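Please read the structure below before turning to the comments.
In our numbering, the protein residues as written are 54 to 627.
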């Protein structure tokens, strides 16, 4: 589980403020129109935790236990579908139950602030279990078909938990076909035993049609008709689900939460709605010092970003104060030279090893192509829904000549796009770059062939060198025994062999050990000639995407070993 960003060790202190002090503080609050930290700190907060969930309350611990029970049962039931008994969340999920009406999230929606999901609600408010299921899906699956994503959220919104007794599948707030399909498959006797197989197929990239047919052994169109009929009937019966055995009164430990920390959480949840109050709370947190000070600096940095000001000073202050928030270190690394940015990004990855962004940013800074590719693959594994990770990986793999791998990365990029319009745009972009990927794939295959041929040539050359050395030793022995001198003014074969000229298009260069084999397209057909290193021409190996006109002179010597028709004596581009 990822560490709680910005949390601290529970404190044992209790805050007491006399009546005179309260009158002074209340007078200041209403005169300034702000809610400041000391007033919130006067409340006694209790925190309960299980897995990635934290529920804090200053009013009703019983309601907090009930909320935590529901969250954990959502995680347990979804974990069974995903075949994982301990589903993680990239970010902690925190709910604050309070009667402070002005601090509650509108429409009971979670907000992502300071490295955690935050929701402020009344103790009696229903918990947004569908949204919690969505957060866990985002953290544990690649992007699923749109109708599955929305249908699963709607299905989990109907879950009800009382201890270990769990039901789901009753009427949602807004029933639609996506919900009716998931409700049918998860609650109907003949389908629910194979529901996890259906979900596994979706995770592996199968379409909805293929996943349904493979999991349930039934025609897709017939299942769709059943789902439509399920929606039309307008009456749905919840069924029991296999919940986690637990007792909220026994299994959820509780401890006190520093009221000043709770005040910062409340401010973060309402930051965009009430930035002035949030700013006052952050500054009070900084003045209070201790473990709450880093949270205050982090909040001021967020506020600066919202107001289009430079957050770097506040980020640096948060780091110096001992911030435990991974986003702080990633934001602080932005625009810094690699030698300064990398330690910050590595610290962020250490603080939250489930977050892909620090690894992705390290990949962008990597100078070594192999290291860059490795980091990008790691980032896509951490967050397979991040389209830009896949696109960057595809570009790097194409640059490295890995056309087949790049094709796979492009397909993953399409699948990860959040909207159909974005998927269509990426699909067209992939088609437009098809030739580039094909050239990269062909060059990769050519390099592999050339590498194998070069290894074979090296082995043959080594054997030939050994034989020539033995011949030279033998000839020296014979010359010494004969007592004669070696012949002088020997005429080389090239001086008497037939010299020819050729003009055509250079279409391919095969790199050999001490030479290159050129394939030239001439009027009479393709001619393969050997280009020695002594000619001094340095040519890139592979098939030329754009053939170039050349003029060569060569000795017509057939060479079966290299499969050439002669040795080039002069070479020039036209």
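Glycine is no exception: its CB is placed at the ideal position from the N, C-alpha and C atoms. Keep in mind the model is a prediction, meaning the values are calculated, not measured.
query, result
"Neighbour-count burial assignment, residue 154, 16 or more Cβ in a 10 Å radius", "exposed"
"Buried or exposed (CB count within 10 angstroms, at least 16 for buried), residue 620", "buried"
"Residue 447 beta carbon less than 7 Å from that of residue 462", "yes"
"Beta-carbon gap between residue 379 and residue 397 smaller than 7 Å", "no"
"Candidates 196, 149, 594, of which the one nearest residue 176 by Cα", "149"
"DSSP three-state assignment for residue 626, whether helix, strand or coil", "strand"
"Cβ-based neighbour list, residue 105, same chain, cut-off 7 Å, excluding 5 preceding and 5 following", "54, 141, 142, 145, 146"
"Environment of residue 162 [buried if 16+ CB atoms lie within 10 Å]", "exposed"
"Minimum C-alpha distance to residue 243 - residue among 454, 251, 269, 261", "269"
"4-residue-minimum alpha helix (DSSP H) runs that sit fully inside the region 368 to 446, ordered along the chain", "379 to 386, 391 to 404, 410 to 418, 422 to 435"
"Spatially closest choice to residue 213 from 279, 166, 292, by CA coordinates", "292"
"First through last residue of the alpha helix (DSSP H) which encompasses residue 251", "248 to 256"
"Three-state secondary structure assigned by DSSP to residue 565", "coil"
"Start and end residues, alpha helix (DSSP H) containing residue 363", "Note, residue 363: premise wrong, no alpha helix (DSSP H); not H, not E."
"Proximity of residue 394 and residue 368 at Cβ, strictly below 7 Å", "no"
"Same chain, Cβ closer than 8 Å to residue 561, five either side skipped, listed in chain order", "571, 572, 595, 596, 597"
"Alpha helix (DSSP H) runs contained entirely in the region 218 to 290, provided each spans 4 or more residues", "230 to 240, 242 to 245, 248 to 256, 261 to 269, 273 to 286"
"Burial state of residue 616 (16 or more Cβ within 10 Å)", "exposed"
"Secondary structure of residue 598, DSSP reduced to three states", "strand"
"When 535, 599, 567, 237 are compared against residue 585, the one with the closest alpha-carbon", "567"
"Proximity of residue 234 and residue 285 at Cβ, strictly below 7 Å", "no"
"As assigned by DSSP and simplified to three states, the class of residue 533", "helix"
"Contact check, residue 351 vs residue 167, beta carbons under 7 Å", "yes"
"Span of the alpha helix (DSSP H), counted from its first residue to its last, around residue 187", "182 to 193"
"Where residue 643 sits in the DSSP three-state scheme", "Here the chain comprises residues numbered 54 to 627, so residue 643 is not present and cannot be evaluated."
"Residue 174 vs residue 200 beta-carbon contact at 7 Å", "no"
"Rounded C-alpha distance that separates residue 408 from residue 600", "47 Å"
"For residue 305, three-class secondary structure by DSSP", "coil"
"Own chain, CB closer than 7 Å to residue 374, minus 5 neighbours either side, in chain order", "346, 347, 350"
"Three-pair Cβ contact test at 8 Å for the region 298 to 314 versus the region 249 to 259", "no"
"N- and C-terminal bounds of the beta strand (DSSP E) containing residue 293", "292 to 294"
"Cutoff 6 Å; reference residue 169; Cβ partners in own chain excluding five residues on either side", "58, 144, 145, 147"
"Candidates 433, 204, 211: closest to residue 180 by CA position", "211"
"Reduced DSSP category for residue 470 - H, G, I as helix; E, B as strand; rest coil", "coil"
"Run of the beta strand (DSSP E) containing residue 334, from where it starts to where it stops", "It is not in any beta strand (DSSP E) - residue 334 instead sits in the alpha helix (DSSP H) that spans 328 to 341."
"Cβ-based burial, residue 511 [other Cβ within 10 Å; buried from 16]", "exposed"
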